[in-house]
Amino acid sequence: MFLFDTDIISHIISKNPSSVLCNRLNEIPPEYQFTTTITVGELIYGAYKNSLKKDVLLEKLSNMVWPNIKVLSFDKPSAYVYGELRAEMERKGTPIGEPDLRIAAIALSNRMVLITRNVKHFERIPGLSIQNWLAS
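Spelled out as structure tokens, the structure:
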């Protein structure tokens, strides 16, 4: 199962999405495609922040993304993973941002592969499986 980070979904709805990424998505059955409520919030925020393209971005999300991908919440198992990770990373002096840590906790608690371009950021998280489908 695959969990798509915000940067990947942003790329999907961009003007020129990568054909490699689109082909890869088409190979994965919809029941294996997920994102998080954190990503939903970040994407909606991004759309509203860009007032000139807001309507276009919201329409693309409504028509292209939401019908084809399941959304996971930050639930109790994710919260436990998050708490442990945050404490461990702070102890090591390698903290990452709150939203990304929550996304990683959801991926770990659901045993999913996180699909992101931000590999260097997420690779600091122990046990997290990461793939970059936009890497050449």
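Be aware that the sequence shown starts at 18, since it is given in this note's numbering, and climbs by one per residue. Think of the CB as a built atom: it goes at the ideal place given N, C-alpha and C, for glycine as much as any other residue.
Put simply, the region 59 to 69 does not touch the region 34 to 41. Fewer than three CB pairs are less than 8 Å apart. The Cβ atoms of proline 112 and arginine 119 do not sit closer than 9 Å to each other.
DSSP places leucine 89 in no alpha helix (DSSP H) but in the uninterrupted beta strand (DSSP E) bounded by 87 to 89.
In this structure, the beta-carbon distance from aspartate 22 to threonine 52 falls below 9 Å. The three-state secondary structure of serine 146, taken from DSSP, is strand.
Listed as beta-bridge partners of leucine 75 by DSSP are no residues whatsoever.
Under the DSSP assignment, valine 130 falls in the beta strand (DSSP E) whose first and last residues are 130 to 132. When DSSP reads this structure, leucine 20 sits in a beta bridge with Phe51, Leu131.
In the structure shown, the three-state DSSP call for serine 36 is helix.
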